[in-house]
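The next block holds one structure in the form of structure tokens; read it before the comments.
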Amino acid sequence: MDLGATICLPKNPRCLICPFTELCEARQKGIQDQRPVLKPKKKTPHYILAAAVIVKNGRVLLAKRPSEGLLGGMWEFPNGHVDGDPAKGLSKVLRTGYSLKIHGKEALGVVYHTYSHFKVTVHPFRCKLVLISKNAGLKWVKLKELGGFPMGKVDRQISKLLS
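For the sequence shown, the residue numbers in my numbering are 7 to 169.
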């Protein structure tokens, strides 16, 4: 085990001080610089999301994440995965995921974030609310209280775009 950590180093093997130089098949074939053969890294999934920033009467609409899973129980701007144009996909995401109807979309920028096992690009849009159905997971929050709500880094960055 110590040989791999101190002598048989990738790209820079120290064959001259190795006690197994005579037995090393890689050294005999002259391919010691190509060892170990490393598996290619898995490609990190990348997701495109669209988020709605709905402000009305000094309040912003937030959604509570499920208590289990990534960022469990934290608050976020209503959002979802989109295919293609984020502005076009946002209305469908809000309708199916939150029973919200919006109109007018003003792009606020783009937020990038890398988690341990995937990457996201979030396109937040300032929207006007047309219809909201009763949804226990949604809450109106005063803009001045937004900083005190538990949010992930992506949603905190989006909230900073409001100032």
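Beta carbons: idealized from backbone N, C-alpha and C, even for Gly.
Values in this document were obtained by computation on a predicted structure and should not be read as measured data.
Check, Outcome
"Would residue 57 pass as a contact of residue 128 if the rule is Cβ separation under 8 Å?", "yes"
"Can you give me the start and stop residues for the alpha helix (DSSP H) that residue 84 sits inside?", "From DSSP, residue 84 is part of no alpha helix (DSSP H); its letter is neither H nor E."
"Just the Cα atoms here: how many angstroms apart are residue 100 and residue 45?", "41 Å"
"Where residue 63 and residue 49 are concerned, what is the direct C-alpha to C-alpha distance, given to the nearest angstrom?", "44 Å"
"Would you mind reading off the limits of the beta strand (DSSP E) that contains residue 103?", "Per DSSP, residue 103 belongs to no beta strand (DSSP E); it is in the alpha helix (DSSP H), 92-104."
"Look at the alpha carbon of residue 70 and the alpha carbon of residue 102, and state the distance between them as a whole number of angstroms.", "16 Å"
"Kindly provide the ranges of any alpha helix (DSSP H) runs that are 4 or more residues long and lie completely inside the region 112-158, ordered along the chain.", "none"
"What does the Cβ neighbour count give for residue 97, buried or exposed, with the cut at 16 atoms within 10 Å?", "buried"
"In whole angstroms, give me the CA-to-CA distance for residue 8 and residue 66.", "58 Å"
"Quick check on the DSSP output: the alpha helix (DSSP H) that includes residue 65 runs from which residue to which?", "From DSSP, residue 65 is part of no alpha helix (DSSP H) but of the beta strand (DSSP E) over 65-70."
"Round the Cβ separation of residue 159 and residue 119 to the nearest angstrom and send it over; I've been treating them as touching at under 8 Å.", "6 Å"
"Just how far apart, CA to CA, sit residue 154 and residue 162?", "10 Å"
"Going by C-alpha distance, which of 106, 112, 111 and 151 is nearest residue 6?", "In the structure as shown, the chain starts at 7 and stops at 169, and residue 6 therefore has no counterpart that could be examined."
"Compare the C-alpha of residue 113 against each of 134, 126, 124 and 121 and name the closest.", "134"
"According to the Cβ coordinates, are residue 108 and residue 54 closer than 8 Å?", "no"
"Give me the Cα-Cα distance between residue 26 and residue 91, rounded to the nearest whole angstrom.", "59 Å"
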